[in-house]
Structures are given as C-alpha cells and as structure tokens.
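Chemist: Below: one structure in structure tokens.
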Amino acid sequence: MAGFIARRLVSSFLVIVLTSMFVFALFFLGPSNPAGPVCEAQGKCTAERLEMIEEQMGLNDNVVTQYGEFAKGFFVDRTITVGSEYQCEAPCLGISYGTRTEVTDELVKKYPATLSIAVGGAAIYLTLGVTLGVLAARFRGTTTDRLLVGSSLVVSSIPYYLFALLAWIFLTLQWSIFPATGYTPLTENPAAWAAGLLLPWLVIGVTSSTQYARFTRGSMVETLGEDYIRTATAKGVKSRTVVFRHGLRAAIVPIVTIFGLDFAALLAGTIFTEQIFGINGIGWWALDSLRAPQDFPVILATVLVSAVLVVIANLIVDIVYSFLDPRVRMS
Amino acid sequence: MTSFLTDQQTAGASDGTGQDDFLVVENLSVQFPTHDGLVQAVNDLSYSVKMGETLGIVGESGSGKSVSSMAVLGLHDEKRSRITGSIRVGGREIIGASESTLRKVRGNEVAMIFQDPLTALHPFYSIGRQIAEAYRIHNDVSKSAARAKAIDMLDRVGIPQAKSRVDDFPHQFSGGMRQRAMIAMALVNDPKLLIADEPTTALDVTVQAQILDLLQELQHDFKSAIIIITHDLGVVAEMADEVLVMYGGRAVEKGPTRELLTHPEMPYTWGLLSSMPDVSAGTDGKLVPIPGNPPSLLNPPSGCPFNPRCPHVDKVPGDLCRTELPELLPGRRGPNHLKRCHLPDPDTIYELDVRPVLAVDPAEAVDGEG
C-alpha cells in the first residue's frame, strides 16, 4: 500500500509539473504581451519604455529560464518587477498584474469561499442523489420510480446557469424566501456564513443530485439482480438490510469514482455559482484573470490549483477504492 | 422414502401423503408475465420430501427445476410472478405468506446452495462475516459467538486452517472451497431441508465428487432432507433416493432412483440417458443427443410437451401425442413409478431400442453405487 501511494505521488507530481509547463508555454508563446498594460498604465507608452519594462519583467529571457524562475519561487523568496519592484515570499506564485498583490495571498484569501460552496453543495447532492437513486431502484417500475426518473430528467435538461439565475432572481430578489447570498467567513459569523451560502448549496445540490440519482439507480438495479443478493434474501436477511448492506455496499463503488472527480471539479472553482450568487472565490478570480489584459500569474495559479485538486482527488479515489473493494486491495 | 403425489393421489388415495413429509408441493404453477406474453415456467407440479431423504430434480435448462425450488423459499418477486398451488414447509404455507413468515423459513428451516459460489457470495464481505450473518439472523448471539460458529462450520466442511481463512474474501478461495463455504453458510442454522441448485455445475470435475461426498456426509450428520437440482444423471444416481424428471415446466417422470434409472418409461428420460458419455469406453462410442430445442414456455406445444422432439410419437395410436397432454400416472411397474407418456408399452421399447445403444448402462451404474 505504501509503495502504491509513493508511486502514485510521483506520477501525480509529474502531472502537476507538466500542466504548469504547458500553461506557461501556451501563454508565452501566444500573442499576449504582459508588458503592454504595465507600460500603458504609466502614461504614454513608447517603444523604448516598452522594451525596458519587458527587460525588467524578465520577458526577454527564454521560456525555460522564466519557468525556472517561477518554479524557484516555491522554495525561496523572489523579487518581481511589474512596473515597480515587489517582494514575493515563498511559496510564491507570482505577483498579479492586475492588483499587484501576491497571488499566493489572494489564493489563501479567496479559497475558503470556494471550499465552502463545494463542500456544502457536494454533501447535498451526494446524499440526495444516492437516496433518490436507491429509492428508485428499490421501487423499480412503480410510479415512485417513474416520478423520480422523470423529474431528474427535467431538472438535468435545464442549463445550470439558467437554473441558478432563476433561483437567485425569484427566491432571493423577488420573493425573499432565502437570505441574500454572499460569503462571510465561517470563523467570523457561522450563521451568516450558512445563510449566505444556503441557496448556492441547494442549487448545486439539487441540479447535480439528478445525475447521481440516475447513476445510483442504474448501479443499484444491476447490483440487486446479482446472485449474492438472492443469497442474502435466501438467508433470511430483512429486505431493507438486503438493499442497504448488501446492495448499496456494492453499488456505491462506481459512484465513489465519479464523486471524487466531480468534487475536485467543484473545488477548482464554480464559475457560474460564484458569479451569479456574488461570491468571490476561485472561479470568479479565474474568470476575471482571463479578461484582457490577461493576468498571467493568476491564470497559472488557478490552473495549477485545479490540476493539483484533480490529481489529489484521483489519488484519494484510488485509495478509497481499495478499501471499498477487497478484490483490488493492495498487499 | 420420498413420496410423490399425483392428481389422483391428492384427490383421494392415501398412498402418497405421509404425516412426516417435511416439504409438500401441490399443484404448483409459476408464471411470469412479460412483454412477449405469459411465461409458464412451472405447471401443476406436485411432490413431497421427507426428513433425511434426498430428492433429485433432473431436467435441462428452462425445465422449471430452479424456478420451482426458488418458490419453496418464496424468492420470486411477487410483483413479477404469478404463483398458484400450495407449498407447505413443515406444515406452514409458503405461497402468499408474509415477508416475516418467509424470513423465519429462509436460511433457517430451508437453506439453499446456488450453482456458482463466486457470484452467490458477496464479493465485499469476508466468508466468515457472511456465515456469521446467516447465523445471527436466526440466533440471538454475540458477534464473537457467531464468528466462532463460522470457524466451526468452515472446519466441518473441510476448509483447512479455518481459523485464519475465516477472514478471507470469496475471491481468495478456490472454486471448491467457495462451494464448501456456501454449504457451511447453508448448514449453519441446521436446516431441515437443503436445496442444492446445481451445486457442482460450476466446479472442476475433480472437486465435484468431493462436494457431493461432503453433502452426503453432512446429511448423515444433520439428518436434513436434500433436494438436489441437476442435469447430471450421474449426480442423481449417487445422491438421490427419489428422482423427479422435469420437462417444459412439468414433471414427466418420477420414482425411486434405482427403479427410474434402470426402467425409465418416458422417452425424454431415455434421451437424457443416451446423452451421457462413457469415459471408459472407446473413442468410437456414440453419444446420442436429444434432437431439437427445449420447448417455448411462452407457447408450449399442444399435447405432450416433448412431442416435437420425441422419436416415438408414431408408436402412439392416433395423434394423441400432439392433441392430448398425458397425465402423470403409474405405469406397469407399480404405483411408485409415475410417467407422463402415451406410449402403451414403454418397457419393451426401452429394452429393445434404447438400452442397447446407451453408452453407460444405468443398471450397472446404479449397481456400482451399491
């Protein structure tokens, strides 16, 4: 098991390094010149001034040297020149071209909002989706089943942003059923934290639960047809125990895989959710950084964060899998 | 002796029904409504089994042998099946019984062993835990007591180092060991009836005999009745006291094992015997398969269900085989041997036409068993 985790950690590390190189190369080989906006911000931008700023920012070094500088920043403090000089403490992800602040600090400041949305939303869609799926599978072919499958189809055929926007407009603005949305740090005021995130949680929870309901239903229907379910019934096991301890225990395994990856995607930023509900998290930040003039250090940071999260989620899924399914358990 | 019931016998004669019959199945029909129509899986089946006796149910796939025995445990989804007739286990009616009544019977009075022990055991729970679960459902004992019982049972069915193997998962066991574990799980509550649904079909031939020996040995210890479902007449010859041959969802022949195998009276049984290979004979020996396919259970053939495949239809006067379903009646060999066939003199045909071409003479095979 330890060897397996070590091997996976090495390959995960490689994936992250390659992703950062790819983003780096893409940006620097592309048409965008980060020196331009910096130059224009200081008044009339002459060719000589532009040249000088490019030199200061290190943009004239080759891409490999620049990447080396960037990577070094994880371990030692750097001095970065963007118009004027800035100190960037390790681990340094650079200085934002837009706000001229340390990207690492911004990340730490914005991340709790995204994390809060993701954890609450995922908790709702997982419990709701799996419960509905189990119910639909258990009462397969009945009206309950058809109602569940039908409504899940309706919900999942509405585009997410429309659903979120309508929920926000009607439920908070128009009818004031839910408190105004927004982010208050949990440590500051837990009640305000929960109140501001309630609607985003429910919107993510309800919309994503429909696909989990269908995954679970399919997986359960298949599992409930297995021979070992018949064996359990033939032993005299109560039908509820058969469904949960024998059926769901086996049916949940593929769902864990999907959940791990979905959850990682949520953690990497929920652009629509953050925009619509006015929550300043990673998703919003990433979207902002893409607007001209592009804020390269922020783009790189947000991409790296999602790469790291996806890789970690995969690793966790694999480890959890080996606990769930003894047949893949490593010795 | 296991006794069988015919329609006549249930109607009047006292010949068949004894007080000590543990399982009594009367006029059992199992139907499954499907989009294509009504699947008549079992039709008007009657039999009974006494304590300590073994009944062999023989037939090819789709003959209704598994379906009928699953009905004994009430394992058919009542929403997806129509079951009529009567199944009494120790005097308790199973058909239409409540879930809680069924649970008291399942795994406790009647236990079942399935064909493929790999798929029949839960892949994510250890062998010991699955056996302990079966024990704790019907006995109010602690987890550690149930575990001790599981180790004891594994030891009894011949799993070496049961103490350490008890925590193994099914995939860590070999096929034969899995079936032994399955048997341990079935016998953990000392059931009065054990239904073994093709217990050796998924196993290596060398392991098959071990499993059958184990079943016989345990039957001797536990004094339980056994229903062994198989398509292998060799298994029946070794295990069963009585044989019930099923075809197209109906009983077509039944009688004491030795009697039925040495003097079969129904052409389908002859066909089964002719399909048995003889491993000791030369390679030029011929296997005679039964021509055609099992009948459709959606649109069963009129008359005798076996008539489209029966080579002896022309020996029956008129067109009786195609027009009239023969009743299950005693032939000329006494009241215990019943057959569902119009042939007026099946014994002569068997002796003259069928027996000489058999690869294995059942008379010798049964004698060999002693």
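In the order they appear, the protein sequences are chains A and B. For the first sequence, our numbering gives the first residue as 88, with consecutive numbering after it. For the second sequence, our numbering gives the first residue as -4, with consecutive numbering after it. Just so you know, even glycine gets a beta-carbon here, dropped at the ideal spot from N, CA and C. Source: prediction; values computed, not measured.
Under the rule that 16 or more other beta-carbon atoms within 10 Å means buried, what is F257(A), buried or exposed?
Modeler: By the 10 Å Cβ count, F257(A) comes out exposed.
Chemist: At the level of alpha carbons, what is the spacing between H307(B) and L323(B)?
Modeler: Near 18 Å, if we compare the C-alpha coordinates of L323(B) and H307(B).
Chemist: On the criterion of 16 or more Cβ atoms from any shown chain inside 10 Å, does R87(B) qualify as buried, or is it exposed?
Modeler: By the neighbour-count rule (16 or more Cβ atoms within 10 Å), R87(B) is not buried but exposed.
Chemist: Are the segment 395 to 415 of chain A and the segment 233 to 243 of chain A touching by the rule of at least three beta carbon pairs closer than 8 Å?
Modeler: With the cut-off at 8 Å, the segment 395 to 415 of chain A and the segment 233 to 243 of chain A do not touch.
Chemist: Name the residue from N149(A), G269(A), T389(A), R378(A) whose alpha carbon lies nearest to the alpha carbon of P124(A).
Modeler: Nearest option by C-alpha distance: R378(A).
Chemist: Tell me whether V274(B) is buried or exposed, calling it buried when 16 or more other Cβ atoms sit within 10 Å of its Cβ.
Modeler: Its Cβ having fewer than 16 others within 10 Å, V274(B) is exposed.
Chemist: Whole angstroms are fine: how far does the CA of A400(A) sit from the CA of A89(A)?
Modeler: Whole-angstrom Cα-Cα distance: 18 Å.
Chemist: Tell me the DSSP bridge mates of M107(B)?
Modeler: Note: M107(B) sits in a beta bridge opposite I190(B).
Chemist: Report yes if the C-beta distance between R304(A) and G220(A) is below 8 Å; otherwise report no.
Modeler: Cβ atoms of R304(A) and G220(A): closer than 8 Å.
Chemist: Using the beta-carbon of each residue, which ones in chain A are nearer than 8 Å to T114(B)?
Modeler: Going along chain A in sequence order, the residues near T114(B) (Cβ under 8 Å) are E313, D314, Y315.
Chemist: So that I know if they touch, is there some Cβ in chain A lying closer than 8 Å to that of A36(B)?
Modeler: Cβ-Cβ to chain A under 8 Å: no for A36(B).
Chemist: Apart from the five residues just before and just after L97(B), which ones in its own chain have a Cβ nearer than 6 Å to its Cβ?
Modeler: Correct list, in chain order: G69.
Chemist: Using a Cβ-Cβ cut-off of 7 Å (strictly less than) and excluding sequence neighbours within five positions of D192(A), which residues of its own chain qualify?
Modeler: If we look at D192(A) and ignore the five residues flanking it on each side, it has no Cβ neighbours.
Chemist: Just list the residues that DSSP pairs F27(B) with in beta bridges.
Modeler: For F27(B), which the question treats as bridged, DSSP gives the partners V34(B).
Chemist: Going by other Cβ atoms of all chains shown within 10 Å of its Cβ, with 16 needed for buried, is S372(B) buried or exposed?
Modeler: In this structure chain B extends from -4 to 365, so residue 372(B) is not present and cannot be described.
Chemist: Quick check: is the beta carbon of P413(A) nearer than 8 Å to any beta carbon in chain B?
Modeler: It does; some Cβ of chain B falls within 8 Å.
Chemist: With 16 other CB atoms within 10 Å as the buried threshold, where does L0(B) fall?
Modeler: Caution is warranted here: a pLDDT of 38 is assigned to L0(B), below 50, making its placement in the model unreliable, and the coordinate value is therefore given only provisionally. When all chains shown are included, L0(B) counts as buried.
Chemist: Could you tell me whether the Cβ atoms of W288(A) and G347(A) are closer together than 8 Å?
Modeler: Contact flag unset, no.
Chemist: Would you kindly work out how many angstroms separate the C-alpha atoms of F168(B) and F217(B), rounded to a whole number?
Modeler: Near 25 Å, if we compare the C-alpha coordinates of F217(B) and F168(B).
Chemist: For L33(B), count the other beta carbons within 10 Å of its own beta carbon; 16 or more makes it buried, fewer makes it exposed. Which is it?
Modeler: Burial call: exposed.
Chemist: Quick check on P112(B): does DSSP put it in helix, strand or coil?
Modeler: Of the three classes helix, strand and coil, the one that applies to P112(B) here is helix, per DSSP.
Chemist: Since L210(B) and A191(B) should fall inside the 8 Å C-beta cutoff, what is the C-beta to C-beta distance between them, to a whole number of angstroms?
Modeler: Sure, about 7 Å apart at Cβ, within 8 Å.
Chemist: Please list, in chain order, the chain B residues whose beta carbon lies closer than 7 Å to that of S326(A).
Modeler: In chain order: E94.
Chemist: Would you kindly report the start and end of the unbroken alpha helix (DSSP H) that includes K159(A)?
Modeler: Taken as a continuous stretch (DSSP letters only), the alpha helix (DSSP H) holding K159(A) covers 150 to 159.
Chemist: Would K159(A) count as contacting chain B if we go by Cβ distances under 8 Å?
Modeler: No, K159(A) does not count as interfacial toward chain B.
Chemist: From the DSSP secondary-structure annotation, give me the bridge partner or partners of D314(B).
Modeler: None; D314(B) has no bridge partner.
Chemist: Determine whether the beta carbon atoms of V355(B) and V240(B) lie at a separation below 8 Å.
Modeler: No, they are not a contact pair.
Chemist: Just to confirm, are G356(A) and G368(A) a CB contact at a threshold of 8 Å?
Modeler: It is a contact, given that the beta carbons lie within the stated cut-off.
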